[in-house]
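Protein chains in written order, with this note's numbering: chain A, 8 to 405; chain B, 8 to 405; chain C, 8 to 405; chain D, 8 to 405. Even for Gly, the Cβ is constructed at its ideal location relative to N, Cα and C. Treat the numbers as computed from the prediction; the structure is a model and nothing was measured.
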């Protein structure tokens, strides 16, 4: 693993300088890249066919925080943890906040659960029954309270609302209920906080979902106001969707709020980000870096949203962070001046080659160096495997 | 073909009255249903692999009008014809208008062609070259002039703009150009006219299109103002899209402007509307009828947009009109009071059965009667085949 | 509901005779149509997000048989029940067979479960570990024993085998293991029994499945021999797949063994058969009827494979049987002589109209009559709702 | 562009040796990688919306050969050219063969055109009309004659056969005709030559195609015999298809005959191979290299099949060759011993990381060196741009 050596970084830096890049600026950007890990990514999970228990999987929010803190220690890139209510509900959220901070992380986005309770079988905010809509709303209000207790500024909303059959629901009426509920949530948002509206093409509703695509989420967020933005889950699109395009669109409208990262080959497979389509992930970051360089105002909540079965939980999380960092770093290596020229001239091959040049560059030495400077592990996955962490928690959590 | 007999209608009417429907109201609604046919649907067309000439295919706009008028005479449902400029460009559009009216039809939507000229290889309104954007804009202005000359109130805009490769274009810059151009078009719209913005998931651009989905078209139309609306082409969506849902969404936002009807199994196959997914077409009309009954303001430009290769042109057009009428008529037979009740009670099976009841009803006797009352042919396809029209024009247009 | 009256049937019969059909032959065909219901369709089920308990859902195989027998009593079309092992495992399968027969049904296909046990996390017959492959094989052997005890002649094999990530498995090695295991199963098949090999595009494996498509199942079945055939699950295909084509292909090769019926809009949604694409279901039956009339040898195991959440279990099952019967009946109304002529002449519109004529015909009076003659309920769904069955079992099974 | 320097290669070689690889063996493998370019890739082409003329596009087969020879001179990897009949038909094929050889290339696969003639509107070998089937067969026989004249051993068969509407054709009858025709072709194949059967999910037929998927092509090829194999066009699959899996399947059955390389995001977009999903292309080569190392018998006809509109023809071809070489080279860098171990142990993360390690490696220095040793250009795209070739032929072919 020569990429781990400082000498490799020096050589890469020299190459990049030769190609006109400011390596230290790039390295600082890489160091500043942070992504939130989700508490639910450390717990057991499954498909509808089976749940497979993993030795050492976190059993409660405290163990989730422990795992998340270890991921942050190794990567230097994951200072916050998203919570899912009620899965992560505790008596004293003030104490939980302190616990997190003591472990070296903080609480990030709060995610209400509006799908698991039997009352939500036919929807939450879009449920035809007013008492269920009220219950859903109150649960979201509870989450807003929790935000204040834990110091979170992001309310992350995913609705499983939808129907399974034609005739089951009235689309326009459900939309009105959804808008009504979201308005109440919006009006309750405290201080500088914001709400992110996620969309999903299908599942668990199989005929229609009430917020199926970015267009619906955008329309709702736009009508609500500046504190409502769209959350892009990279696995929630129809096949063939050009995600980087809609990311650019939302950026240009000031409506991109953040990401749930994962990858998929088929539906919402919840695979490791970049494991199937790494180039697509690079192209998404390419849009973000492009906007950052033009000083477009951006405040993106990057979150991993994966549910691993085949892979060990913590290991998969570390691997994901590494992939995200690599793709972000590659996006920083795009020669944007040359790209603009190629685009203006209609030089399609050159435009593409500029992107491929960046994507082909092996950025692992840069990442190793950035991590060293952050006091993290240059090779976090290797360090994890050598750490004995899994063996220890597997025993403790047996 | 017993359905053609008046007795069949009487029996159906009796059935429907027994189920609580007002048959004469339904019949009047069916009679009021009108759909525009496109001039280009009467001309030769092809795939990228081959163009197959059809005997009798229209060779110019005058022959298109002749065919369209004959379709209207047989069906009673197609009083207007959409034009495509420059394919249908003539010296004197005032004369063309009179020619159409003399034939019993009128000119409908005007469709600029922004994809065929070599200058548009890299886009029209979103082209990086200002001179191409200007050219495209001026072509649209020409179309607006034509609208005034022919008495059309609908400008129907489809942009083939997009790119084939990552790096080829700058998404946000292209969006800005598109918005700039559309704003100029909007400001030029005369009197009561409106512009419809079509979207297309892909093709002829294969990496991204500048208006790929309803969300993009909606966002653009919303920013422009009330005279801009979305045009839904039923063949332009990703696989799995719930079209009836987005139709309902656009209706509720006052942004549904009309349809381009066709069907597809794979991509933008341009097959006869309802030939692959007839139930989906019924469900789309179900949303429209639902809104009509609630007196939602709706002014929908229904247009057929098909390009037949395997089927004879005029015959396919008549068949399409028949399918559309059938699906609209079935949508009128949904028991909406019972449906609302079932939805309120969460009775999923009953809600679905109410739709299936309407869809299962054989409405051909109703259509035959409506056509008789309109002075058209009860069985327009049979009448066409017996008319000798094709044989005559095939000879004339040889 | 005039369709329920005998007079409606008489009128339809008269119409059909007028169009040249032999109504009594058609009615006998409809009466002979039988479809198996699955024990697991009567139990609680869910998505990966939640399991919603239904009042009255069957809790064990005995209650499944009770529900299945009631469905058969109402519809006259469901004389057998598919079992899933180990879910339906009992001490004494001989006694279970008698219990079923006493209730008026019999045991149909046996379905081994090769996905739920933690050992199967990385596959069953294609698992890299020999001990897991052996375990899977022995489980299948147990199922073959059960077949003999319950008098079943169909072994229905679905493998969840696959991988989630590139690099996780060796495709060719896994294929060799799968073939080796299937060969052992094949050699163990008793007497006149056969094995049906199901395929699935994805889920629960998300990068590759070992039997993803009909081609793989066909290749495996062909290499095994005549007692191995392909099982088509209507929800297990890529978007856009022409299912009726592959059905025809398998028929022509003597390799179509049966169906798992359900419908889907997106992935493997497990919705009621025909609820989303009824015309497609009709076109599938159209291929089967076409082959039946040409006296192609066919022995098709028709089974419903659905997992309802939004709909009550038994009600959904009855509704499904009704849909299947309708689509089969419509397929019997295709004028095949005329269709052959139209095809020979290249008359595309007429060929299509012949199918649409059959599909548009309201066959409910025919079904009502067929059920009457079978001693079942002309309107089984209505009869079920009136029967008080659900209320009774909901109380008993509380 | 430091990668072009020999020093870069040396450093890479040192790294690889350090990781246990035999660099000179890898370099020889890279040097032995050859891919055929298609005559039609040098000509003007278009979408169904427009054909855009490119300055310098080849106007006849002689100019195609000239371009192909130049691509081979620059890359050292493209010694043969696929022909399309009748597009490339000449009076004297013996002379054409000599012309090619004089230019430094040879004639490769012969591709009959069975879609452009109006007679083929309803199919070629599967056409209901016997005279059209006969015509198609004779055209294929002509192509077999040409094979003998030009010394080609590959007959590459793509059928546009299919239908646009339900009812248009009889699936089983069409299959019988197709099989009958293919049998006659098979029996005519001379000496060591073989026929490759291509499949395509859709287009230009939009309801069904007679050979829609690998399973159909495999079944047909298997029934014909060892001289018939499957041709995988990387752009001809349903969304989500795991192409590397079916490649492995076909390899294990001895039925993989070759590739048509291109990429797509949506349908059959004919984009540059690897331009959208480079990792997928790597995974395909990974299966091939894996089989090569196990000494599975393989004789793969690698051909580029692309139709560029946005990119200049020759430039796009060179770029494609480079991408293919890169992905093949990366596949050679997979540590297969370690991979097998990881798979046996169920170490999913390690298995994946081994692939990612290979994919992340920047192999351009290796390619530059291989090309130098072949007497080609280390940077063929740059060399092409500097060569003035396009300017020269654009003038000559004006």
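For residue 170 (chain B), DSSP records a beta bridge to B:215.
Relative to residue 361 (chain D), the option among D:285, D:375, D:348 and D:373 whose CA is nearest is D:348. At a cut-off of 9 angstroms between C-beta atoms, residue 269 (chain A) does not count as an interface residue with respect to chain D.
Cα atoms of residue 307 (chain B) and residue 170 (chain B): separation of roughly 31 angstroms, rounded to the nearest angstrom.
When the Cα atoms are used, residue 164 (chain A) and residue 20 (chain D) turn out to be separated by approximately 51 angstroms.
With respect to chain C, the C-beta atom of residue 173 (chain A) has a partner C-beta closer than 9 angstroms. Listed as beta-bridge partners of residue 201 (chain C) by DSSP are C:161.
Nearest neighbour of residue 122 (chain B) by Cα position, chosen from B:256, B:41 and B:168, turns out to be B:168.
Around the beta-carbon of residue 58 (chain A), fewer than 16 other beta-carbon atoms lie within 10 Å, marking it exposed. When Cβ pairs closer than 8 angstroms are counted between the two stretches, the stretch 34-43 of chain B is seen to touch the stretch 75-92 of chain B, the count reaching three or more. Distance from the CA of residue 398 (chain D) to the CA of residue 271 (chain A), rounded to the nearest whole angstrom, comes to 45 angstroms.
At least one beta carbon of chain C lies nearer than 9 angstroms to the beta carbon of residue 179 (chain D). When DSSP states are grouped into helix, strand and coil, residue 341 (chain D) belongs to the coil group. Cβ neighbours of residue 153 (chain A) within its own chain (closer than 7 angstroms, five residues either side excluded): 92, 100 and 117.
Taking a beta-carbon distance threshold of 9 angstroms, residue 297 (chain A) counts as an interface residue toward chain B.
Secondary structure note for residue 42 (chain B): it is in no beta strand (DSSP E), with a DSSP letter that is neither H nor E. Residue 101 (chain A): not part of any beta strand (DSSP E); member of the alpha helix (DSSP H) spanning 100-110, first to last residue. From the beta-carbon of residue 273 (chain D), the residues of chain A found nearer than 7 angstroms are 247. Residues of the same chain with a CB within less than 7 angstroms of the CB of residue 51 (chain B), apart from the 5 flanking positions on each side, are 58, 60, 61 and 64 in chain order. In the structure shown, residue 314 (chain B) falls within a coil segment according to DSSP collapsed to helix, strand and coil. A contact is defined here as three or more CB-CB pairs under 8 angstroms, and the stretch 334-346 of chain D fails this definition with respect to the stretch 260-279 of chain A. For residue 368 (chain A) against residue 369 (chain D), the beta-carbon gap comes to about 6 angstroms, under 8 angstroms, which counts as contact. If one requires a minimum length of 3 residues, the beta strand (DSSP E) runs lying completely within the stretch 244-313 of chain B are 263-268 and 308-311, in chain order.
Under the three-state reduction of DSSP output, residue 137 (chain A) falls in the helix class. Assignment of residue 123 (chain A) by DSSP, reduced to helix, strand and coil, places it in the coil class. The Cβ atoms of residue 114 (chain A) and residue 157 (chain A) lie closer than 9 angstroms to each other. When Cβ-Cβ separations below 9 angstroms define contact, residue 95 (chain A) makes no contact with chain C. Against chain C, a Cβ distance below 7 angstroms from residue 285 (chain B) picks out 286. Judged by DSSP secondary structure, residue 90 (chain A) falls within the beta strand (DSSP E) whose first and last residues are 87-92. Closest by C-alpha distance to residue 212 (chain D), out of B:395, B:54 and B:13, is B:54. When CB distances to chain B are screened at a threshold of 8 angstroms, the residues of the stretch 22-49 of chain C falling below it are 22 and 25, in chain order. The shortest C-alpha to C-alpha distance from residue 200 (chain C) to any of C:159, C:275 and C:97 is the one to C:159. Identification of chain B residues near residue 99 (chain C) by a Cβ-Cβ cut-off of 8 angstroms yields none; the smallest Cβ-Cβ distance measures about 36 angstroms.
Relative to residue 346 (chain A), the option among B:223, B:177 and B:313 whose CA is nearest is B:177.
In the three-state scheme derived from DSSP, where H, G and I count as helix and E and B as strand, residue 353 (chain C) is classed as coil.
Within chain C, the C-beta atoms nearer than 9 angstroms to that of residue 359 (chain D) come from 172, 173, 174 and 175, in chain order.
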